[in-house]
Amino acid sequence: MGFMDKVRNILPERFRKKKDPSEGLKENRIKEKDNIKTSFSVYCNANHDTKDGKLCPKCTALLTTIMLKISRCKYGITKPLCDHCDEKCFGDANNKTFMEIMDGSRTGMLLRHPVMTVRHKITGMGVEYAKQKQSDAAEQKEEGRMKAKAAKARKRKARRNPK
Ligand SMILES: [Zn+2]
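See the structure below:
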């Protein structure tokens, strides 16, 4: 049994059984805020000479901005995870630091908060899955549009050149 399987087995039932991974997206916001806060503590404590989950002034400021942005996220309850979002609403510099912190805290998070980390990972997979479904749907729509267009053109041509 692999490490990820072991971690998955300690998760609550509903996380294991979920058929459509995009289902759980609704309750993301609270969990994601927790995950980001914890990631910041892990990263800041490891890199910025802070301890006991406390944040340095810079991380505190960035975290405050991010929490505010999440509360105002235009996606509402269907909000994707910020580290999977294409919107980049934190602003360029903030976004870069945010990704550095999220990437940089990954190992520490897995060691110290495995359940939370795996949950975030699974939700992230749900987000990617939902995105994929969305782009597939868009592609199908486009394909349908092109087919309809071609059919129309054929009709027009047939009308112009009756046999
Ligand atoms: Zn810091």
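Using our numbering, you'd call the opening residue of the sequence shown number 1 and step up by one each time.
Even for Gly, the Cβ is constructed at its ideal location relative to N, Cα and C.
How big is the Cα-Cα spacing for residue i and residue j?
i       : j       : result
Gly-124 : Leu-81  : 6 angstroms
Ala-158 : Arg-145 : 20 angstroms
His-84  : Arg-156 : 45 angstroms
Glu-23  : Gly-126 : Its pLDDT being 49, under 50, Glu-23 is placed unreliably in this model, and the value from its coordinates should be taken loosely. Between Glu-23 and Gly-126, the C-alpha separation is close to 8 angstroms.
Asn-47  : Phe-40  : 10 angstroms
Met-60  : Gly-104 : Sequence check: residue 60 is Thr here, not Met. One C-alpha to the other measures close to 17 angstroms.
Ile-36  : Asp-5   : 24 angstroms
Asp-168 : Lys-69  : Residue 168 is absent from the structure shown; the chain starts at 1 and stops at 163.
His-120 : Thr-78  : 15 angstroms
Would you check whether ligand 1 has a heavy atom nearer than 8 angstroms to the C-beta of residue i?
i      : result
Tyr-43 : yes
Asn-47 : yes
Lys-96 : no
Thr-50 : yes
Cys-73 : no
Lys-37 : no
Ser-55 : Looking at the sequence shown, residue 55 is not Ser but Leu. It does: the Cβ of Leu-55 is within 8 angstroms (strictly closer) of some heavy atom of ligand 1.
Cys-85 : no
Lys-58 : yes
What span of residues does the alpha helix (DSSP H) with residue i cover, start to end?
i       : result
Cys-59  : 57-71
His-113 : Run containing His-113: none; DSSP gives neither H nor E here.
Lys-74  : Segment: none, Lys-74 is in no alpha helix (DSSP H) and carries neither H nor E.
Lys-188 : No answer is possible for residue 188: the residues shown for the chain start at 1 and end at 163.
So, with DSSP's three-state summary, where would you put residue i?
i       : result
Ser-39  : helix
Asp-86  : coil
Asp-49  : coil
Lys-157 : helix
Lys-33  : helix
Gly-2   : coil
Lys-54  : coil
Lys-79  : coil
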